[in-house]
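Just so we're aligned: 48 in the numbering used here is position 47 of the sequence shown, and the numbers increase by one with no gaps anywhere. For each residue, glycine too, the CB sits at the ideal point set by N, CA and C. This structure is a prediction, so every number in the text was calculated from the model and none was measured.
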Amino acid sequence: YLDEVKSGTLWAYAALAEGGTPLWDADLRGGVALVLGAEGKGIRPLVRRSCDGAISIPLAPAVESLNVSVAAAVLVLEAARQRRAVG
2 YLDEVKSGTL WAYAALAEGG TPLWDADLRG GVALVLGAEG KGIRPLVRRS
52 CDGAISIPLA PAVESLNVSV AAAVLVLEAA RQRRAVG
(Lines of atoms letter the chains of each structure in order from A and count residues from 1; the text may use other names and numbers.)
(Lines give C-alpha, C1' and ligand atoms only; values in the text may rest on other atoms or scores of the structure.)
Protein backbone atom coordinates (compact mmCIF):
# COMPACT_ATOMS: atom_id res chain seq x y z
CA TYR A 1 0.00 0.00 0.00
CA LEU A 2 2.80 2.46 0.79
CA ASP A 3 4.28 1.96 -2.66
CA GLU A 4 0.96 3.04 -4.17
CA VAL A 5 0.79 6.06 -1.88
CA LYS A 6 4.35 7.09 -2.71
CA SER A 7 3.88 6.64 -6.46
CA GLY A 8 1.73 9.78 -6.45
CA THR A 9 2.69 13.08 -4.93
CA LEU A 10 2.82 12.01 -1.29
CA TRP A 11 5.78 11.55 1.03
CA ALA A 12 5.34 8.83 3.67
CA TYR A 13 6.62 9.69 7.14
CA ALA A 14 6.87 7.11 9.91
CA ALA A 15 5.89 8.45 13.32
CA LEU A 16 8.42 7.13 15.83
CA ALA A 17 8.48 7.41 19.61
CA GLU A 18 12.06 8.65 19.34
CA GLY A 19 14.85 9.00 16.81
CA GLY A 20 12.96 10.80 14.05
CA THR A 21 13.20 14.41 12.95
CA PRO A 22 11.55 16.57 15.61
CA LEU A 23 7.99 17.32 14.50
CA TRP A 24 8.43 21.08 14.22
CA ASP A 25 11.54 20.62 12.03
CA ALA A 26 9.72 18.38 9.53
CA ASP A 27 8.18 19.93 6.41
CA LEU A 28 4.54 18.85 6.46
CA ARG A 29 3.25 21.50 4.04
CA GLY A 30 3.00 19.26 0.98
CA GLY A 31 1.32 15.94 0.36
CA VAL A 32 2.13 13.77 3.36
CA ALA A 33 1.01 10.32 4.49
CA LEU A 34 1.57 9.84 8.22
CA VAL A 35 2.27 6.22 9.18
CA LEU A 36 1.56 5.31 12.79
CA GLY A 37 2.09 1.95 14.42
CA ALA A 38 0.20 -0.02 17.01
CA GLU A 39 0.40 1.16 20.60
CA GLY A 40 3.16 -0.64 22.43
CA LYS A 41 4.59 -2.18 19.24
CA GLY A 42 5.23 0.74 16.93
CA ILE A 43 5.79 0.41 13.21
CA ARG A 44 7.06 -2.86 11.76
CA PRO A 45 10.64 -2.67 10.41
CA LEU A 46 9.62 -3.39 6.81
CA VAL A 47 7.00 -0.64 6.91
CA ARG A 48 9.52 1.76 8.46
CA ARG A 49 12.04 1.07 5.68
CA SER A 50 9.33 1.77 3.09
CA CYS A 51 8.78 5.29 4.44
CA ASP A 52 10.58 8.33 3.03
CA GLY A 53 11.46 9.68 6.47
CA ALA A 54 10.67 9.56 10.16
CA ILE A 55 9.32 12.15 12.57
CA SER A 56 8.99 12.18 16.34
CA ILE A 57 7.03 14.29 18.79
CA PRO A 58 9.47 15.62 21.40
CA LEU A 59 8.09 14.98 24.87
CA ALA A 60 8.75 16.57 28.24
CA PRO A 61 10.93 14.38 30.48
CA ALA A 62 7.99 13.55 32.74
CA VAL A 63 5.91 12.22 29.80
CA GLU A 64 6.68 8.59 29.00
CA SER A 65 4.65 8.27 25.79
CA LEU A 66 1.50 9.29 23.93
CA ASN A 67 -1.22 6.91 22.83
CA VAL A 68 -1.59 6.59 19.07
CA SER A 69 -4.76 8.69 18.83
CA VAL A 70 -3.16 11.59 20.70
CA ALA A 71 0.00 11.31 18.59
CA ALA A 72 -2.11 11.37 15.41
CA ALA A 73 -3.93 14.48 16.59
CA VAL A 74 -0.66 16.27 17.39
CA LEU A 75 0.82 15.35 13.99
CA VAL A 76 -2.23 16.47 12.03
CA LEU A 77 -2.47 19.71 14.03
CA GLU A 78 1.17 20.53 13.25
CA ALA A 79 0.63 19.80 9.55
CA ALA A 80 -2.39 22.13 9.55
CA ARG A 81 -0.44 24.84 11.39
CA GLN A 82 2.39 24.70 8.85
CA ARG A 83 -0.04 24.86 5.94
CA ARG A 84 -1.86 27.89 7.37
CA ALA A 85 1.45 29.68 7.90
CA VAL A 86 2.23 29.34 4.18
CA GLY A 87 -1.17 30.54 2.93
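As assigned by DSSP and simplified to three states, the class of residue i
{"i": "Val33", "result": "strand"}
{"i": "Ser57", "result": "strand"}
{"i": "Pro46", "result": "helix"}
{"i": "Ala27", "result": "coil"}
{"i": "Leu17", "result": "strand"}
{"i": "Ala63", "result": "coil"}
Of the listed residues the options, nearest to residue i (C-alpha basis)
{"i": "Ala13", "options": "Glu19, Arg82 and Ile44", "result": "Ile44"}
{"i": "Pro59", "options": "Gly32, Asp26 and Leu37", "result": "Asp26"}
{"i": "Leu37", "options": "Ala63, Ala55, Ala86 and Thr10", "result": "Ala55"}
Buried/exposed call for residue i, threshold 16 Cβ in 10 Å
{"i": "Gly21", "result": "buried"}
{"i": "Val33", "result": "buried"}
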